[in-house]
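Peer 1: To start, I am sharing the structure in question, which I have written as C-alpha coordinates.
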Amino acid sequence: MSVPVVEDEPAPAFAFSWFNVDPRLSVLAMLPAGADCLTSACRQMLQRILVALNAEFKEAVGHEHTFHWPFPGDLGLPTGHRAARQAVDGFVARRRREQPSALLLILADETPPFLYGDNSADGEDQHGHLIAHRQFGFAMLRTHSLHAMEADGALKRSAWQAMQSIRDRLQRGAG
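Structure (C-alpha coordinates):
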(Lines of atoms letter the chains of each structure in order from A and count residues from 1; the text may use other names and numbers.)
(Lines give C-alpha, C1' and ligand atoms only; values in the text may rest on other atoms or scores of the structure.)
Protein backbone atom coordinates (compact mmCIF):
# COMPACT_ATOMS: atom_id res chain seq x y z
CA MET A 1 0.00 0.00 0.00
CA SER A 2 1.45 3.35 -0.94
CA VAL A 3 1.65 6.32 1.38
CA PRO A 4 0.18 9.55 -0.04
CA VAL A 5 2.81 12.11 -0.98
CA VAL A 6 2.69 15.28 1.09
CA GLU A 7 3.50 18.12 -1.29
CA ASP A 8 5.22 20.33 1.30
CA GLU A 9 7.79 17.75 2.41
CA PRO A 10 11.17 17.97 0.68
CA ALA A 11 11.38 15.58 -2.26
CA PRO A 12 14.20 13.05 -2.07
CA ALA A 13 17.27 13.82 -4.17
CA PHE A 14 17.31 12.25 -7.64
CA ALA A 15 19.03 12.68 -10.97
CA PHE A 16 18.47 11.46 -14.50
CA SER A 17 19.85 11.77 -18.01
CA TRP A 18 17.68 12.51 -21.03
CA PHE A 19 18.50 11.59 -24.62
CA ASN A 20 16.56 12.81 -27.66
CA VAL A 21 17.02 9.81 -29.95
CA ASP A 22 14.75 10.79 -32.85
CA PRO A 23 11.16 12.00 -33.36
CA ARG A 24 9.89 8.56 -32.38
CA LEU A 25 11.87 7.97 -29.17
CA SER A 26 13.49 9.69 -26.21
CA VAL A 27 15.17 8.01 -23.24
CA LEU A 28 15.16 8.97 -19.57
CA ALA A 29 17.81 7.06 -17.59
CA MET A 30 17.83 7.45 -13.81
CA LEU A 31 21.28 7.97 -12.35
CA PRO A 32 22.54 6.30 -9.18
CA ALA A 33 22.99 8.52 -6.12
CA GLY A 34 25.98 10.81 -6.49
CA ALA A 35 26.42 10.29 -10.25
CA ASP A 36 26.73 13.32 -12.51
CA CYS A 37 26.06 11.41 -15.75
CA LEU A 38 25.97 7.89 -17.19
CA THR A 39 29.12 5.82 -16.87
CA SER A 40 30.85 4.80 -20.09
CA ALA A 41 29.66 1.20 -19.61
CA CYS A 42 26.03 2.29 -19.12
CA ARG A 43 26.26 4.59 -22.13
CA GLN A 44 27.51 1.68 -24.26
CA MET A 45 24.71 -0.54 -22.95
CA LEU A 46 22.17 2.14 -23.87
CA GLN A 47 23.62 2.33 -27.38
CA ARG A 48 23.31 -1.47 -27.75
CA ILE A 49 19.71 -1.35 -26.51
CA LEU A 50 18.82 1.39 -28.99
CA VAL A 51 20.37 -0.49 -31.93
CA ALA A 52 18.46 -3.62 -30.88
CA LEU A 53 15.25 -1.58 -30.81
CA ASN A 54 15.89 -0.16 -34.27
CA ALA A 55 18.98 -0.50 -36.47
CA GLU A 56 18.56 3.15 -37.51
CA PHE A 57 19.69 4.14 -34.00
CA LYS A 58 23.30 3.10 -34.69
CA GLU A 59 24.62 6.52 -33.63
CA ALA A 60 21.66 7.49 -31.47
CA VAL A 61 23.28 8.20 -28.10
CA GLY A 62 24.10 11.82 -28.62
CA HIS A 63 24.04 14.70 -26.20
CA GLU A 64 23.22 13.74 -22.63
CA HIS A 65 21.01 16.28 -20.85
CA THR A 66 21.11 15.79 -17.08
CA PHE A 67 18.70 16.89 -14.38
CA HIS A 68 19.56 16.94 -10.67
CA TRP A 69 17.12 17.52 -7.81
CA PRO A 70 17.32 19.49 -5.69
CA PHE A 71 19.07 22.10 -7.78
CA PRO A 72 22.75 22.52 -6.85
CA GLY A 73 23.44 25.30 -4.36
CA ASP A 74 21.00 26.82 -1.91
CA LEU A 75 18.97 29.07 -4.18
CA GLY A 76 16.18 29.50 -1.66
CA LEU A 77 13.75 27.70 -3.98
CA PRO A 78 11.08 25.27 -2.76
CA THR A 79 12.29 21.66 -2.54
CA GLY A 80 8.95 19.88 -2.07
CA HIS A 81 7.34 17.25 -4.25
CA ARG A 82 5.24 19.78 -6.17
CA ALA A 83 8.31 21.93 -6.91
CA ALA A 84 10.24 18.85 -8.07
CA ARG A 85 7.41 17.81 -10.39
CA GLN A 86 7.13 21.33 -11.83
CA ALA A 87 10.89 21.52 -12.39
CA VAL A 88 10.89 18.14 -14.17
CA ASP A 89 7.87 19.19 -16.26
CA GLY A 90 9.78 22.30 -17.35
CA PHE A 91 12.86 20.22 -18.19
CA VAL A 92 10.81 17.72 -20.22
CA ALA A 93 8.95 20.52 -22.02
CA ARG A 94 12.27 22.06 -23.03
CA ARG A 95 13.65 18.73 -24.31
CA ARG A 96 10.43 18.21 -26.29
CA ARG A 97 10.70 21.68 -27.84
CA GLU A 98 14.19 20.70 -29.02
CA GLN A 99 12.84 17.44 -30.47
CA PRO A 100 9.35 16.07 -29.91
CA SER A 101 9.06 12.30 -29.62
CA ALA A 102 6.14 9.90 -29.49
CA LEU A 103 7.69 7.38 -27.07
CA LEU A 104 9.69 7.67 -23.85
CA LEU A 105 11.75 4.74 -22.58
CA ILE A 106 12.33 5.15 -18.84
CA LEU A 107 15.24 3.19 -17.41
CA ALA A 108 14.61 3.32 -13.66
CA ASP A 109 14.36 0.79 -10.85
CA GLU A 110 11.25 2.41 -9.40
CA THR A 111 8.42 4.36 -10.93
CA PRO A 112 9.57 7.99 -10.80
CA PRO A 113 6.68 9.82 -9.09
CA PHE A 114 7.89 13.14 -10.48
CA LEU A 115 7.19 11.91 -14.01
CA TYR A 116 4.13 9.75 -13.60
CA GLY A 117 2.38 12.06 -11.16
CA ASP A 118 -1.33 11.44 -11.58
CA ASN A 119 -0.87 8.56 -14.04
CA SER A 120 -0.39 5.74 -11.54
CA ALA A 121 -3.52 4.44 -9.91
CA ASP A 122 -3.06 4.09 -6.16
CA GLY A 123 0.71 4.24 -6.59
CA GLU A 124 0.85 0.96 -8.50
CA ASP A 125 4.12 0.28 -10.20
CA GLN A 126 4.15 0.83 -13.97
CA HIS A 127 7.07 -1.51 -14.75
CA GLY A 128 6.77 -2.95 -18.24
CA HIS A 129 3.49 -1.22 -19.12
CA LEU A 130 3.13 1.29 -21.92
CA ILE A 131 1.03 4.20 -20.65
CA ALA A 132 0.30 7.71 -21.92
CA HIS A 133 1.66 10.76 -20.12
CA ARG A 134 -1.33 13.00 -19.42
CA GLN A 135 0.43 16.33 -19.91
CA PHE A 136 2.84 15.60 -22.75
CA GLY A 137 0.93 12.88 -24.61
CA PHE A 138 3.87 10.57 -25.32
CA ALA A 139 3.65 6.87 -24.50
CA MET A 140 5.98 5.86 -21.65
CA LEU A 141 7.44 2.51 -20.70
CA ARG A 142 9.56 1.88 -17.62
CA THR A 143 11.96 -0.98 -17.10
CA HIS A 144 15.17 -1.59 -15.14
CA SER A 145 17.85 1.09 -14.80
CA LEU A 146 21.06 0.80 -16.77
CA HIS A 147 23.19 0.64 -13.63
CA ALA A 148 21.01 -2.16 -12.19
CA MET A 149 21.31 -4.15 -15.44
CA GLU A 150 25.06 -3.57 -15.38
CA ALA A 151 25.26 -4.93 -11.81
CA ASP A 152 22.86 -7.85 -12.44
CA GLY A 153 22.91 -9.11 -16.02
CA ALA A 154 19.83 -11.28 -15.38
CA LEU A 155 17.69 -8.12 -15.40
CA LYS A 156 18.49 -7.55 -19.08
CA ARG A 157 16.12 -10.33 -20.18
CA SER A 158 13.05 -8.92 -18.42
CA ALA A 159 14.00 -5.39 -19.52
CA TRP A 160 14.22 -6.54 -23.13
CA GLN A 161 10.87 -8.34 -22.86
CA ALA A 162 9.29 -5.15 -21.53
CA MET A 163 10.79 -3.13 -24.40
CA GLN A 164 9.12 -5.25 -27.07
CA SER A 165 6.10 -2.95 -27.21
CA ILE A 166 8.42 -0.04 -28.03
CA ARG A 167 10.36 -2.15 -30.53
CA ASP A 168 7.12 -3.17 -32.25
CA ARG A 169 5.97 0.45 -32.55
CA LEU A 170 9.35 1.51 -33.92
CA GLN A 171 9.34 -1.35 -36.46
CA ARG A 172 5.86 -0.31 -37.63
CA GLY A 173 7.13 3.24 -37.99
CA ALA A 174 4.60 4.51 -35.48
CA GLY A 175 5.18 6.34 -32.24
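Those letters in the sequence shown? Residues 885 to 1059, by my numbering.
C-beta atoms are modelled at their ideal positions from N, C-alpha and C, and glycine is treated no differently.
If you're wondering where the values come from, they're calculated on a predicted model, not measured in any experiment.
Can you tell which of S1029, A1035, I990 has the C-alpha that lies nearest to the C-alpha of S910?
Peer 2: I990
Peer 1: How would you label P996, buried or exposed, when you count the other beta carbons within 10 angstroms and need 16 or more for buried?
Peer 2: buried
Peer 1: By how many angstroms is the C-alpha of D1036 removed from the C-alpha of D920?
Peer 2: 22 angstroms
Peer 1: Just curious, the beta strand (DSSP E) that R908 is in, first and last residue?
Peer 2: No beta strand (DSSP E) contains R908, which DSSP labels as neither H nor E.
Peer 1: Give the DSSP-derived three-state secondary structure of M929 in the structure shown.
Peer 2: Reduced to three states, the DSSP call for M929 is helix.
Peer 1: Quick check on L1053: does DSSP put it in helix, strand or coil?
Peer 2: Looking at the sequence itself, residue 1053 is Arg, so the reference to Leu does not match. Helix at R1053.
Peer 1: Just grab the DSSP bridge partners of A1016 for me.
Peer 2: A1023
Peer 1: Restricting to Cα atoms, I'd like to know which of W902, P907, P894, A895 is closest to G1057.
Peer 2: Out of W902, P907, P894, A895, P907 has the C-alpha closest to the C-alpha of G1057.
Peer 1: When the Cα atoms are used, what is the spatial distance from P984 to Q931?
Peer 2: For P984 and Q931, the distance between alpha carbons rounds to 20 angstroms.
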